[in-house]
Amino acid sequence: MIRYRTLALAGCTAVAIALASAGMAWAQELVFWHTFTQPERIKALEDQARKFEAKHPGVKVSTEVVPWQAFPEKWTTSFAAGRMPDVTAGNINFALAMYDVGAIDRVDDVVQKLGGEKAFVTKPLEMLRYKGAQVALPFYSHARVLLFRKDWLDEKGLKPPRTWDELMKDAVAMTQPPNRYGMIVPFGKQDYMGTLWLYIFTRTARGQFLDKNMNLTFNSPEVIKAAKYLVELYKKASPPGSINFQTGDLQNTFSAERANFFFETGFNISWTVSQAPHIAPFLSAVGAPIPEGGQEAAMSDHIVIMLGKPAKHRALAAEFLASLFEKDFYVKFLHLVPGGMMPTMTEVAKSKEFWAHPLIVRYRPIVEAVMRGIEIGTPIAMENGPNPYAHYIQNLGIVEQMFQDIVQTNRPVEQAVAETHEKLAKLIAEAKAEKR
Amino acid sequence: MDQCPPSEPELARGRPGPASMGASLSRLSGKSLAAGPAGQGTTLLRRVADYLDARLGFLFILPVLILVVYLLVYPVVTSLYISLTNRHLLRHGYTFVGLDNYRQVLADRELWETLANTGVWTVGSLAFQLLLGLAGALLLNRRMTLLWLWRMLIIVPWAFPPIVIAFTWRWILNDLYGVLNYFLVALHLVDVPLLFLGSRSLTMPTAIGVNTWFGFPFFLLAILAALQGIPETEYEAARIEGATAWQTFSNVIFPRIRFTLGIILVLRTMWVVNSFDFIFLLTGGGPGTTTQTLPIFAYFTGWRRYFLGRASAICVILLGILVLTSWFYFRLFQLSHVEEE
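These protein sequence lines are chains D and X, in that order.
Sequential numbering of the first sequence, starting at 1, is according to the numbering used here.
Sequential numbering of the second sequence, starting at 437, is according to the numbering used here.
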């Protein structure tokens with residue numbers, strides 16, 4: 001008996017696909033990636049997407065969370081496949097690399113739409129001006145400040161450190177191994193904390209990692225001076241295990257009341273209040289200590305929003321991007337991590353609404369120190385402006401390995417810095433050759 | 437080639453056997469169109485439907501076959517191909533560079549350090565997992581009380597994703613607030629906390645120890661299953677003949693679990709060598725490069741430095757090592773299989 005089973009199956013499949021396609025056929029769909037994994041921030045962005053859809057019938061905004069750790073793989077593979085999202089969050093390092101290869105579009109028109117350059121805080125916007133284009137919009141900024149608990153200083157009759165010497169003296173005075181340490185100097189290879197510490201101290205010593213022509217200047221007296229200081233600080237006042245510490249270990253060690261000074265952003269305010277409330281009343285911060293003859297400096301970073309390329313719905317994507325800066329939504333979003341996410345919009349940065357949040361009021365000196373850091377600081381190795389090669393210094397664990405070698409194999413600092421310079425120079429030369 | 441007749445169950449279900457499938461095919465030939473049953477007024481549509489119906493089963497498994505080829509064959513072939521190009525993650529287009537990537541990778545001192553680390557990590561992890569798994573299985577094979585509870589507890593490590601395990605162990609092993617160091621100091625076993633994840637001499641043994649904790653239940657459960665297939669009469673016979681514990685193990689138990697051991701050794705070797713997330717999250721490959729294994733080296737090369745061609749070359753080298761190791765195991769397995777027969 002002939003039952004036409006296969007043909008019937010094929011027919012049903014075709015009908016099902018046609019129906020499914022009809023159901024999924026939005027007039028226009030925007031894909032939006034962001035890197036925020038906390039439920040509150042995810043919900044806020046979802047709500048804003050629904051609001052945008054309500055204003056634009058027939059438009060669907062699909063949001064996708066891409067955690068920071070997964071972002072490099074995600075964007076590079078999507079770029080290789082020609083499937084960049086319409087709108088995406090990221091950081092400045094990603095933005096520069098993405099713009100260089102044509103994965104994102106310039107957003108000068110969105111800047112104008114939002115009120116022009118004066119509508120933005122100067123430094124974050126400037127840092128995203130690259131090759132004559134505004135390559136991304138700064139969504140929020142932060143800067144690392146020297147956090148500490150004041151009661152430990154009071155116990156010893158010490159004052160918050162303003163100079164390298166004072167920091168060393170304070171940190172050593174508070175150190176009582178193996179239970180308590182004055183400072184956390186992290187050298188773990190999983191992230192870039194060692195590079196970050198070195199960058200801050202190098203900058204305060206008036207040094208730099210890359211010059212104006214994007215040439216590496218790592219093997220310099222200032223970097224060597226900063227590296228020696230950090231190694232001494234590690235040996236005299238940091239937990240020995242911090243040789244393998246990464247970001248999360250800083251907060252854990254601090255809240256476990258085992259160590260004091262460490263560089264962190266204002267994100268630590270809400271974290272300490274919720275996770276270590278016993279320490280919260282004593283939480284304090286100052287800018288990076290300065291050596292003799294040095295300068296005020298900081299490491300800042302900017303979380304950015306970009307427009308993917310090639311764009312299917314460029315105008316619509318730009319409109320959605322602009323909607324993320326609507327004042328009501330923007331202030332509410334920043335308040336989800338009070339003091340952690342600092343505004344990049346001039347109006348909001350000066351607004352009563354932003355500064356009125358109870359935690360920002362309570363920790364105003366820390367928040368102001370962070371704001372100052374944003375004003376004077378730059379992302380790692382971008383002291384001379386946006387630099388796509390900064391990534392090679394920051395994210396490869398090479399500087400952290402240098403510190404581990406110095407501490408554990410007693411390699412002279414000068415030799416270790418020179419060898420690291422060679423490694424980094426080779427990588428950057430290869431990257432420059434690739435670009436050509 | 438002889439056609440096999442359809443089996444009885446197939447006939448009972450009315451499913452066409454190979455013979456009827458052959459006939460169905462022949463009906464589609466030009467000859468049968470003119471002279472066969474199809475030529476007696478059957479429409480072309482009916483013949484096509486009949487032909488396709490006879491292969492409906494194949495159509496159902498076709499998507500899975502395509503998926504298997506896509507997931508297993510395609511990545512291997514692509515990796516081999518990319519390893520011969522200068523493909524870069526941030527650049528469109530690439531050119532064929534022959535064996536350049538292999539030359540560069542093999543000339544890199546870091547590769548040889550990494551290979552040595554991979555060897556220590558794999559052999560150390562497997563040896564301890566095997567010993568502990570075997571010992572645990574022999575213990576649990578006795579009639580123990582609450583056997584179900586022990587089995588359940590042993591499988592706990594497999595219930596958590598590597599990221600949870602890695603961060604939990606980072607906390608346990610921390611020198612400042614870790615619970616292990618706390619007890620070691622409190623019990624006066626050490627004077628100062630140990631740098632489990634920060635010392636060049638301790639980090640690899642620590643990582644192997646944690647991996648043993650994670651991996652030995654797999655050995656244990658597989659060996660236990662094999663042990664429970666040994667009839668009690670064989671143990672009794674050994675006892676009657678006055679066999680010692682070692683003689684019982686080597687002559688009764690070992691031949692019965694040899695096959696299982698071979699298979700799980702192949703599987704675990706591949707998993708341990710390829711393991712990335714667990715050791716990376718635990719040590720980051722440090723201190724220095726003391727715990728950097730081949731997958732971590734490939735990750736840094738491909739995903740942080742963007743040299744996809746070079747990273748693929750490292751992966752192909754890794755594949756070669758695994759193929760050789762598997763070949764060695766399979767040789768071992770075949771020998772034991774012959775002996776068993």
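Each residue gets a CB set at the ideal place from its N, CA and C atoms; glycine is no exception.
- Residue range 690–710 is occupied by the alpha helix (DSSP H) that includes Ile-700 of chain X.
- The alpha helix (DSSP H) runs lying completely inside the segment 225–307 of chain D and spanning 4 residues or more are 247–255, 267–275, given in chain order.
- An exposed status is given to His-624 of chain X, since fewer than 16 other beta-carbon atoms sit within 10 Å of its beta-carbon.
- With a 10 Å radius around the Cβ and a threshold of 16 neighbouring Cβ atoms, Ala-433 of chain D comes out exposed.
- A residue is called buried once 16 or more other Cβ atoms fall within 10 Å of its Cβ, and Gly-293 of chain D, having fewer, is exposed.
- Interface residue (Cβ-Cβ distance to chain D less than 8 Å): Arg-587 of chain X is not classified as such.
- Put simply, the CB of Arg-741 of chain X is near chain D, with a gap under 8 Å to one of its CB atoms.
- Legend: CB atoms of the segment 255–280 of chain D lying less than 8 Å from CB atoms of chain X belong to residues Ala-256, Arg-258, Ala-259.
- In summary, Arg-539 of chain X is exposed, with fewer than 16 beta-carbon neighbours lying within 10 Å of its beta-carbon over all protein chains present.
- Closer than 8 Å to the CB of Lys-189 of chain D there is at least one CB belonging to chain X.
- With 16 or more other Cβ atoms from the protein chains shown falling within 10 Å of its own Cβ, His-34 of chain D counts as buried.
- Across the segment 599–615 of chain X, CB contacts with chain D closer than 9 Å involve Phe-603, Arg-606, Trp-607, Leu-609, Asn-610, Asp-611, Leu-612, Tyr-613, Gly-614, in sequence order along the chain.
- Its Cα nearest to that of Pro-667 of chain X, the residue X:Ile-689 stands out among X:Thr-680, X:Ile-689, X:Thr-729.
- No residue range can be given for Leu-612 of chain X, since it is assigned to no alpha helix (DSSP H) and is classified by DSSP as neither H nor E.
- When beta bridges are read from the DSSP output, Met-345 of chain D appears opposite D:Phe-120.
- The continuous stretches of alpha helix (DSSP H) do not include Tyr-742 of chain X, and DSSP gives it neither H nor E.
- In this structure, DSSP gives Pro-72 of chain D a helical state, which the three-state scheme calls helix.
- In this structure Ser-300 of chain D touches Ile-374 of chain D by the C-beta definition: roughly 5 Å separates them, less than 8 Å.
- Counting C-beta pairs closer than 8 Å gives fewer than three between the segment 671–683 of chain X and the segment 713–730 of chain X, which falls short of the contact rule.
- DSSP places Asn-617 of chain X in the helix class (H, G or I) of the three-state scheme.
- Minimum Cα-Cα distance from Pro-160 of chain D among the listed residues D:Met-345, D:Gly-82, D:Leu-283, D:Pro-388 corresponds to D:Leu-283.
- Beta-bridge analysis with DSSP links Glu-353 of chain D to no other residue.
- Within the model, the alpha-carbon separation for Gly-82 of chain D versus Gly-308 of chain D is close to 10 Å.
- Rounded to the nearest angstrom, the Cβ distance from Tyr-199 of chain D to Ala-237 of chain D is 20 Å, too far for a contact under 8 Å.
- Excluding its 5 nearest sequence neighbours in each direction, Ile-380 of chain D has C-beta neighbours in its own chain below 8 Å: Tyr-192, Thr-195, Leu-196, Tyr-199, Phe-209, Met-299, Ala-390, Ile-393, Gln-394, listed in chain order.
- For a cut-off of 8 Å, the C-beta gap from Gly-90 of chain D to Met-306 of chain D is around 6 Å, short enough to register as a contact.
- For Val-370 of chain D, the three-state secondary structure derived from DSSP is helix.
- The C-alpha of Ala-573 of chain X is placed about 15 Å away from the C-alpha of Leu-582 of chain X.
- In the displayed model, His-142 of chain D falls within a strand according to three-state DSSP.
- Chain-ordered, the chain D residues with CB closer than 7 Å to the CB of Val-628 of chain X read Pro-178.
- Under a 10 Å Cβ-count criterion, Tyr-517 of chain X is classified as exposed, with fewer than 16 other Cβ atoms of the shown protein chains found around its own Cβ.
- Contact between the segment 707–724 of chain X and the segment 739–758 of chain X is established, with three or more Cβ pairs separated by less than 8 Å.
- For Thr-558 of chain X, the uninterrupted alpha helix (DSSP H) run begins and ends at 545–576, by DSSP.
- Excluding its 5 nearest sequence neighbours in each direction, Lys-189 of chain D has C-beta neighbours in its own chain below 7 Å: Gly-397, Glu-400, Gln-401, listed in chain order.
- For Arg-545 of chain X, the nearest beta carbon of chain D is not closer than 8 Å to its own beta carbon.
- Rounded to whole angstroms, the separation of the alpha carbons of Pro-289 of chain D and Glu-296 of chain D is 8 Å.
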